[in-house]
């Protein structure tokens, strides 16, 4: 499903953020990307989501080379992903319901069908009773859950989360991890960058460890 | 297809919602458009009405042919025959000096100021005259006809009554040109103003644009609401311009009617010039669209995903 072949990414005027990374992620996997800050975790995720293009090497998503994708095709590629960020990227000028409905409008889904899906997504993250609330009134954990609802509402096959628990205390973080595990259970591919090991325990997961842009270890935690 | 319509419908809904949430700024920018459209519109109405008036007068083109005071009845018959033969003349009629004298005296009865003067005259001072309508309205042809008639013996003077109307028409043509250039200048100003407003809006929606990009929104999805915003500013501005123009015309019309009554004419400014109104709305909407189109492509490209 996702294949990196000797991928290097260098930002203009900077060091190599990723060096010669090759990996393969199958559909339905749950993969953790670990490493210190600056190790290239975010860059790896951005390459997967076609936000960045590799300097050299090949990134294949669903057998499509993203370097060769036309700019007009990239939006459609991105619709396969649900993206979740450490800083949520919620829109604070509208309520929870309107935040979650945005990806559906982008996909051309409106009306009752859209409303139904938004409520289903809010229900999955336990925020159904807050659909009219403004995001600013939510706690950090609730905001992150809202961001997850927004990422899953258009039913993407791949969830990409960049340190989704980074700002949260342990109990909130455990909540969030449980939600991701639930999506993994129903067949969604989950790729998550994290610098702590929380949530990886107790289940068998694949871990990609990055160090200064290079893939140094790939292991299965038990 | 349905998807596309839906997309536009959503964009329009979004824009109208944003305008409702910010009524004052939206009204202000529409007002700017309205005033800028209203100015050349009023110029146009003024000039249009004046040229209608002069056209009306030019259509009544008449050449007055005054004969010498001592013209005999034989001279008159000769001239009559000449006129009847002339192919350029549509019709003519003769007003003899006696008829004119009676008319003038009758007219002076109702006009107290002149009555004394007229009645003090013991001799008829008026000449015999032919009033001639030409077939053509072309100023050059009329001029030629006038010269031809002037050269007939026994004719004191041939007068073309459209000289001043012609001069006015020339001035009006100049006025039309000036209006045209003012319109173009104001149009450019509007492009810049609307473009700038839309650019500011894009900046305030920066987060939304970035998030939409991340979720796979196409450029057209992001662009469309801003294009509609520009169009709506133009549309509402156009409507405001029309309201203002209708108000001003109504205001002026009272005075114009009074004046034209004094000249015993039923002329008044035409209030509802549908073509002009449609043109104003169309042009304002197009300018709004173009202004935001120019701003949108540049500004959205400048918002990078970080």
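Protein chains in written order, with our numbering: chain A, 1 to 222; chain B, 1001 to 1306. Even glycine gets a Cβ: it sits at the ideal position worked out from N, Cα and C.
Would residue i count as contacting chain B if we go by Cβ distances under 8 Å?
i              : result
residue 91(A)  : yes
residue 75(A)  : yes
residue 255(A) : In the structure as shown, chain A starts at 1 and stops at 222, and residue 255(A) therefore has no counterpart that could be examined.
residue 79(A)  : yes
residue 59(A)  : no
residue 125(A) : no
residue 11(A)  : no
residue 1(A)   : no
residue 202(A) : At residue 202(A), the pLDDT of 48 sits below 50, so the modelled position is not reliable; the number obtained from the coordinates is stated separately. No, because no Cβ of chain B sits closer than 8 Å to the Cβ of residue 202(A).
Any idea if residue i is buried or exposed, counting beta-carbon neighbours within 10 angstroms, 16 or more meaning buried?
i               : result
residue 1164(B) : exposed
residue 72(A)   : exposed
residue 144(A)  : buried
residue 26(A)   : exposed
residue 1077(B) : exposed
residue 1243(B) : exposed
residue 1028(B) : exposed
residue 1020(B) : exposed
residue 1237(B) : buried
residue 15(A)   : exposed
residue 1228(B) : buried
residue 129(A)  : exposed
residue 992(B)  : Outside the shown range of chain B (1001 to 1306) lies residue 992(B), about which nothing can therefore be said.
residue 1298(B) : exposed
residue 52(A)   : buried
residue 185(A)  : exposed
residue 168(A)  : buried
residue 17(A)   : buried
residue 117(A)  : buried
If residue i sits next to residue j, beta carbons under 8 Å apart, how far is it from one beta carbon to the other, in whole angstroms?
i               : j               : result
residue 193(A)  : residue 45(A)   : 6 Å
residue 1075(B) : residue 1142(B) : Incorrect: roughly 24 Å between the Cβ atoms, too far for contact.
residue 114(A)  : residue 78(A)   : With a Cβ gap of about 19 Å, residue 114(A) and residue 78(A) do not count as contacting.
residue 151(A)  : residue 102(A)  : So it is not a contact: roughly 11 Å between Cβ atoms.
residue 1010(B) : residue 105(A)  : 6 Å
residue 54(A)   : residue 8(A)    : 7 Å
residue 1210(B) : residue 1303(B) : 6 Å
residue 1173(B) : residue 1135(B) : Actually they are not in contact, since the Cβ atoms of residue 1173(B) and residue 1135(B) sit about 25 Å apart, beyond 8 Å.
Considering only the beta carbon of each residue, do residue i and residue j sit closer than 8 Å?
i               : j               : result
residue 210(A)  : residue 40(A)   : yes
residue 146(A)  : residue 156(A)  : no
residue 124(A)  : residue 97(A)   : no
residue 1282(B) : residue 76(A)   : no
residue 1133(B) : residue 1091(B) : yes
residue 1128(B) : residue 1071(B) : yes
residue 1045(B) : residue 1275(B) : no
residue 1097(B) : residue 1124(B) : yes
residue 1287(B) : residue 1247(B) : no
residue 42(A)   : residue 175(A)  : no
residue 1295(B) : residue 1223(B) : no
residue 1068(B) : residue 1148(B) : no
residue 1189(B) : residue 1041(B) : no
residue 1232(B) : residue 1015(B) : yes
For residue i, decide whether its Cβ has a neighbour in chain A, counting only Cβ atoms nearer than 8 Å.
i               : result
residue 1022(B) : no
residue 1299(B) : no
residue 1005(B) : no
residue 1218(B) : yes
residue 1051(B) : no
residue 1207(B) : yes
residue 1015(B) : no
residue 1168(B) : no
residue 1212(B) : yes
residue 1226(B) : no
residue 1277(B) : no
residue 1010(B) : yes
What are the residues of the region 157-169 of chain A that lie near chain B, defined by any Cβ-Cβ distance shorter than 8 Å?
Cβ contacts with chain B: none found.
Residues from the region 1175-1205 of chain B in contact with chain A, defined by Cβ distance under 8 Å
Taking 8 Å as the Cβ-Cβ cut-off, the region 1175-1205 of chain B has no residue approaching chain A.
Check each residue of the region 96-112 of chain A: if its Cβ is closer than 8 Å to any Cβ of chain B, include it; give the result in chain order.
The region 96-112 of chain A vs chain B, Cβ under 8 Å: 102, 103, 105, 106, 107, 108, 110.
Got a sec: which bits of the region 1232-1256 of chain B sit with their beta carbon under 9 Å from any beta carbon on chain A, in order along the chain?
So nothing in the stretch comes that close.
If you measure beta-carbon to beta-carbon, which residues of the region 1017-1047 of chain B are closer than 7 Å to chain E?
Chain labels in this structure do not include chain E; the protein chains are A and B.
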